[in-house]
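Residue numbering for the sequence shown follows the numbering used here, beginning at 672 and increasing consecutively. Presented below is the structure to which this report refers.
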Amino acid sequence: MKSIKTIYQRGAVVLCLLLSACATPMAERSDPRDPYENLNRKVFVVNQVFDQLLLKPVARGYADYAPSFIQTTVGNFFGNLADVWTAVNNFLQGKPREGVQDTGRVAVNTVFGVAGLADVATKLGFPKHQEDFGQTLGVWGVEPGPYVMLPLFGPSTLRDAVAKPLDLYADPLNLSTSTDVEYSLRAMRLVDDRARLLPTTDMIEKVALDPYQFVRDAHFQRREAKVNDANFEP
672 MKSIKTIYQR GAVVLCLLLS ACATPMAERS DPRDPYENLN RKVFVVNQVF DQLLLKPVAR
732 GYADYAPSFI QTTVGNFFGN LADVWTAVNN FLQGKPREGV QDTGRVAVNT VFGVAGLADV
792 ATKLGFPKHQ EDFGQTLGVW GVEPGPYVML PLFGPSTLRD AVAKPLDLYA DPLNLSTSTD
852 VEYSLRAMRL VDDRARLLPT TDMIEKVALD PYQFVRDAHF QRREAKVNDA NFEP
């Protein structure tokens, strides 16, 4: 694990430095963390159009008309899948206690929660964590780097963008032997995730004078908090 950590840490640092060097300096920037703001804003607009025309209406219909127990069951199922990668990242971050708890959650919910459809583990006292490889890189000391707005994926940083391919590769849905089932589950998860964000995005649309800036600042605060939480003393 140490060798993987060292290789990925050094590689990510080098890549961040190389890509950062390619940034075109702007005469005036509102935030030094966002050297690609002109491009990022354009991608943000494209993402917003896609969301408003397709994703948000579907998510709204799901949130308004799907029975609450269905939404809970769907969320539990995908949450159980996410716990697998969370466990791996907690171990990589040097947090064996949390890693064991996450592993226990997966075992309990998979066996007694009918493949994760019911969250039995929470009722038994297993805490819920959320970790990804971007957070792991942060714990290893890799700085977030410049802000980037990814097409379809949304707000990110260079560090998290570097980590994203591994997050995608580690997705348990990749193990599906049926392409139709895999794509159906991915679509269902996308709609479920978007539906859970509806209260937040509705609030942003109502109160934010500059939605792009609001999302950017909130993203930095959220990711920093997640990485710092990973550094607490047991």
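Where is the CB? At the ideal position from N, CA and C, for every residue including glycine.
Check                                                                                                                                                                                 : Outcome
Look up leucine 821 in the DSSP assignment and say whether it is helix, strand or coil.                                                                                               : strand
Report the CB separation of valine 819 from alanine 834 in whole angstroms; it is logged as a contact under 8 Å.                                                                      : Not a contact, Cβ separation roughly 12 Å.
List the endpoints of the continuous alpha helix (DSSP H) containing lysine 766.                                                                                                      : Run containing lysine 766: none; DSSP gives neither H nor E here.
Please name the residue or residues paired with threonine 828 in a DSSP beta bridge.                                                                                                  : Tyr818
Excluding the 5 residues preceding and the 5 following threonine 781 in the sequence, name in chain order all residues of the same chain whose CB lies nearer than 8 Å to its CB.     : Asn751, Gly787
Which one of Asp722, Asp863, Pro822, Leu856 has the shortest CA to CA distance from glutamate 876?                                                                                    : Asp722
Residues in the same chain with beta-carbon distance under 6 Å from leucine 763, minus the five sequence neighbours each way, listed in chain order, please.                          : Thr807
DSSP three-state call for tyrosine 854: helix, strand or coil?                                                                                                                        : helix
Which two residues bound the contiguous alpha helix (DSSP H) that contains leucine 725?                                                                                               : Neither: leucine 725 is in no alpha helix (DSSP H) and is coded neither H nor E.
Under the rule that 16 or more other beta-carbon atoms within 10 Å means buried, what is arginine 867, buried or exposed?                                                             : exposed
Suppose you measure from the CA of proline 870 to the CA of tyrosine 854; what does that come to, to the nearest Å?                                                                   : 26 Å
Report the three-state DSSP secondary structure of glycine 775 (helix, strand or coil).                                                                                               : helix
Does the separation of the CB atoms of proline 817 and leucine 829 fall below 7 Å?                                                                                                    : yes
Alpha carbons only, please: which of Ser739, Asp873, Gln801, Phe885 is nearest the one belonging to aspartate 838?                                                                    : Gln801
Could you tell me whether the region 729-744 touches the region 858-866, using the rule of 3 or more Cβ pairs below 8 Å?                                                              : yes
For the 8 Å Cβ check, are there 3 or more pairs between the region 762-776 and the region 791-799?                                                                                    : yes
Considering only residues of the same chain and omitting the five flanking positions on each side of alanine 792, which have a CB-CB separation below 6 Å?                            : Arg776, Val779, Asn780
Taking phenylalanine 804 and asparagine 761 to be in contact with their CB atoms under 8 Å, please state how far apart those CB atoms are, rounded to whole angstroms.                : Not a contact, Cβ separation roughly 12 Å.
Give me, in chain order, the residues of the same chain whose beta-carbon lies closer than 6 Å to that of threonine 744; leave out the 5 immediate sequence neighbours on both sides. : Leu788
Let me confirm a value: glutamate 895 is counted as buried when at least 16 other C-beta atoms fall within 10 Å, else exposed. Which label applies?                                   : exposed
Should threonine 695 go down as buried or exposed, given a rule of 16 or more other Cβ atoms within 10 Å for buried?                                                                  : Annotation note: pLDDT 45 at threonine 695 (below 50); position unreliable, coordinate value reported separately. Exposed: under 16 other Cβ atoms inside 10 Å.
State the Cα-Cα distance for the pair valine 720 and alanine 858, rounded to the nearest angstrom.                                                                                    : 18 Å
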